[in-house]
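Down below is the structure, laid out as structure tokens.
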Amino acid sequence: MPIPILMYHQIDLPAARGSPFRYLTVDPRNFYRQMKWLKRTGFTGLCIRDLQPYLRGEKSGKVVGITFDDGFRSVYSNALPVLEKFGFTATNYFVSRQIGGFNKWDEPVGVPYSACMSGPEMLEWHRLGHEVGAHTLDHVHLTSVPPAEAQRQIADARHELEDMLGTAVEAFCYPYGEASDEIRQMVGEAGYASATTTRRARVQPQDDMLLLPRKIVRRTDGWLNVLRKCRTG
Numbered sequence: 269m270p271i272p273i274l275m276y277h278q279i280d281l282p283a284a285r286g287s288p289f290r291y292l293t294v295d296p297r298n299f300y301r302q303m304k305w306l307k308r309t310g311f312t313g314l315c316i317r318d319l320q321p322y323l324r325g326e327k328s329g330k331v332v333g334i335t336f337d338d339g340f341r342s343v344y345s346n347a348l349p350v351l352e353k354f355g356f357t358a359t360n361y362f363v364s365r366q367i368g369g370f371n372k373w374d375e376p377v378g379v380p381y382s383a384c385m386s387g388p389e390m391l392e393w394h395r396l397g398h399e400v401g402a403h404t405l406d407h408v409h410l411t412s413v414p415p416a417e418a419q420r421q422i423a424d425a426r427h428e429l430e431d432m433l434g435t436a437v438e439a440f441c442y443p444y445g446e447a448s449d450e451i452r453q454m455v456g457e458a459g460y461a462s463a464t465t466t467r468r469a470r471v472q473p474q475d476d477m478l479l480l481p482r483k484i485v486r487r488t489d490g491w492l493n494v495l496r497k498c499r500t501g
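Add 268 to a position in the sequence shown, counting from 1, and you land on the number used in the numbering used here.
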């Protein structure tokens with residue numbers, strides 16, 4: 269049975285109209301309704317770590333993966349209480365060199381400033397049972413930098429996060445969804461057990477665990493649209 273993985277970024281009030289990537293910010297009230305209706309319709313929201321037995325066919329059930337890219341503080345402030353309320357877990361992919369920082373990688377395209385989680389906030393996210401994943405050191409275009417730099421961005425991000433957490437980090441997310449065969453091999457060699465892309469589909473039993481597709485949730489998606497994403501495609 270195909271399994272959906274949802275992809276979020278920020279859970280906050282959207283930036284001003286015309287701001288780049290405004291569609292990636294979901295209003296907190298909308299996020300609450302989405303999680304409420306997932307729960308009401310029998311879905312259990314899981315981080316990628318907890319989802320893996322279902323992806324491998326070792327467990328069965330009505331499950332949905334919940335992921336957040338970039339490690340934004342708005343997720344800690346506005347999504348974490350909702351996840352806790354409904355008993356869901358989620359994976360947050362952190363840009364390790366911007367923990368306690370901001371979305372510096374977005375500056376060149378004019379995306380407004382958004383704070384990232386601090387170290388203590390990331391640790392609290394982890395302590396509550398949610399997963400910390402890696403999103404490189406600096407949110408680079410992995411297919412555009414030299415191979416040695418790509419390898420460093422992938423492997424060192426894991427090591428830095430593990431040093432902060434004191435536990436293994438096994439989930440990776442490709443910045444901008446850029447994943448060539450060479451980059452995928454680097455992710456595997458770095459020791460990650462899973463990696464998510466921006467390919468829009470539900471996970472099929474034959475899918476590569478290092479090239480998992482996801483369903484993006486946009487600002488304009490209501491709870492009914494999110495349910496449709498979970499059930500089709």
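Even glycine gets a Cβ: it sits at the ideal position worked out from N, Cα and C. Everything numeric in this text was worked out from a predicted model, so none of it was measured.
Given residue i as reference, the closest of the options once Cα atoms are compared
{"i": "ALA463", "options": "VAL350, LEU492, ALA416 and PHE336", "result": "PHE336"}
{"i": "TYR312", "options": "GLU457, ASN346 and LYS353", "result": "Checking the sequence, you will find Thr at residue 312 rather than Tyr. Measuring from the Cα of THR312, the nearest candidate turns out to be LYS353."}
{"i": "HIS398", "options": "PRO282, THR357 and ARG499", "result": "THR357"}
{"i": "ASP424", "options": "VAL485, GLU457 and VAL350", "result": "GLU457"}
{"i": "GLU389", "options": "PRO380, VAL400, TYR381 and VAL379", "result": "VAL400"}
{"i": "TRP373", "options": "PHE340, VAL485, ALA436 and ARG395", "result": "PHE340"}
{"i": "ALA283", "options": "LEU306, ARG324, GLY378 and THR500", "result": "GLY378"}
{"i": "GLN278", "options": "ARG308, ASN493, GLY333 and PHE370", "result": "PHE370"}
{"i": "LEU479", "options": "MET454, ALA383, THR500 and TRP491", "result": "MET454"}
{"i": "THR466", "options": "ASP449, CYS441 and MET477", "result": "CYS441"}
{"i": "TRP305", "options": "ARG496, TRP491 and CYS498", "result": "TRP491"}
{"i": "ILE484", "options": "LEU323, ALA461, LEU495 and ASP475", "result": "LEU495"}
{"i": "LYS327", "options": "GLY459, ASN493, ILE271 and LEU391", "result": "ILE271"}
{"i": "TYR291", "options": "ILE334, PRO380 and THR359", "result": "PRO380"}
{"i": "ALA439", "options": "ALA402, ASP431 and VAL413", "result": "ALA402"}
{"i": "ASN346", "options": "ARG499, THR309, THR293 and ALA461", "result": "THR293"}
{"i": "ARG482", "options": "ARG324, GLY501, ASN493 and THR488", "result": "GLY501"}
{"i": "ALA548", "options": "HIS394, ARG452 and TYR344", "result": "The chain is shown only over 269 to 501; residue 548 falls outside these bounds and no answer can be derived."}
{"i": "MET385", "options": "LEU429, LEU281 and ARG486", "result": "LEU429"}
{"i": "GLN302", "options": "ALA461, ARG285 and TYR276", "result": "TYR276"}
{"i": "LYS497", "options": "ARG308, VAL332 and LEU391", "result": "VAL332"}
Strand pairing of residue i, partner residues [DSSP]
{"i": "ILE279", "result": "VAL294"}
{"i": "ILE422", "result": "Per DSSP, none; premise fails for ILE422."}
{"i": "PHE440", "result": "ALA402 and ALA463"}
{"i": "ARG468", "result": "ARG482"}
{"i": "PHE370", "result": "ALA383"}
{"i": "LEU274", "result": "ILE334 and LYS483"}
The beta strand (DSSP E) enclosing residue i, as first and last residue numbers
{"i": "ILE451", "result": "No beta strand (DSSP E) holds ILE451; the alpha helix (DSSP H) holding it covers 449–457."}
{"i": "ASP338", "result": "331–338"}
{"i": "LEU314", "result": "312–314"}
Limits of the unbroken alpha helix (DSSP H) element including residue i
{"i": "ASN360", "result": "Not the alpha helix (DSSP H): ASN360 falls in the beta strand (DSSP E), residues 359–362."}
{"i": "GLY387", "result": "387–395"}
{"i": "LEU348", "result": "348–354"}
{"i": "VAL494", "result": "491–499"}
Could you check whether the region 470–484 touches the region 317–334, counting it as contact only if at least three pairs of C-beta atoms, one from each stretch, sit closer than 8 Å?
yes
Below 8 Å, how does it come out for the region 403–412 and the region 359–366: are there three or more Cβ pairs, yes or no?
Yes, the region 403–412 touches the region 359–366.
Could you check whether the region 439–449 touches the region 285–297, counting it as contact only if at least three pairs of C-beta atoms, one from each stretch, sit closer than 8 Å?
no
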